[in-house]
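Everything below concerns the one structure shown next.
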Amino acid sequence: MNWPGQLPPRKDWELRRLTSADALAIADHWRALPSGSRYSRFGHILPDATLERFAEDLDFDTDLFCGAFSPEGDLVALVQAAPEWDGAWELSFSVLPRVQRKGLARRLGDRILRMLAAQGARRVRMCCLASNQAMAQLAAALGFALQRESTFIRGECELVPPNVRGLRPGQRERLRGI
Ligand SMILES: CC(C)(COP(=O)(O)OP(=O)(O)OC[C@H]1O[C@@H](n2cnc3c(N)ncnc32)[C@H](O)[C@@H]1OP(=O)(O)O)[C@@H](O)C(=O)NCCC(=O)NCCS
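Here this note's numbering is used: the first residue of the sequence shown is 1, the next is one more, and so on.
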């Protein structure tokens, strides 16, 4: 007989910061991207072996990663923030096609911008192909000011630092979770 108390806890969607323990999940995620998404994310249709190498070489001390895991435990959406030479950070997103347009990139973007603001970052950038309307609209929704430069769209966003209580202007209580 199945008593409710004996059932395993319900697994649900999880959205969290990633660590070096997640490097294999990142490799799996990148390998699961179809060629069009690989091109949009990396500017090339990279082969699996190159993506695996990229994942092995990731530096979790310098870059920030946030990901969304499905109830099955698959890393289905990922955002990476990488520091640039001038103190700004660059964001890169990838979401598996089967879960696109469900708000995952938006939530990951909001989360990583809050994390960056909390650790003192002031400027964040993104860059995508001018044909990538999905990314351009996502960036605009996250507060980036966009500019077209030949075949690219570049976006920049100024972060507002949290005050001593960890709150941003207009915010009355700390944001928890996602
Ligand atoms: C761009 C990408 C990350 C968006 O991820 P997503 O989880 O589907 O985006 P969300 O569901 O959070 O959408 C947030 C907003 O972005 C915009 N958007 C997302 N997908 C869109 C699409 N296909 N067409 C137009 N606008 C789109 C919309 O404004 C959307 O808000 P709405 O659904 O309320 O209208 C995803 O399409 C992707 O991984 N593409 C391939 C890789 C890539 O292009 N990476 C960017 C390089 S940095």
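The beta-carbon is built from N, C-alpha and C at its ideal position, and this holds for glycine as well. If you're wondering where the values come from, they're calculated on a predicted model, not measured in any experiment.
Determine the extent of the beta strand (DSSP E) in which L89 is found, giving its start and end residues. In the sequence as presented, Leu is not what sits at residue 89; that position holds Trp. Where W89 is concerned, the enclosing beta strand (DSSP E) stretches over W89 to V95.
A117 to P161 span [Cα, whole Å]: 5 Å
Candidates R154, D12, R17 and W13: which alpha carbon is nearest D110's? Selected option, being the one with the closest Cα: R17.
Going by beta carbon distance, what residues of the same chain come within less than 7 Å of A139, once the five residues before and after it are set aside? M126, L146 and G155
Any heavy atom of ligand 1 within a distance shorter than 7 Å of the CB on Q100? Taking the Cβ of Q100 as the reference point, at least one heavy atom of ligand 1 falls within a distance shorter than 7 Å.
Are the beta-carbon atoms belonging to V124 and A82 less than 8 Å from one another? no
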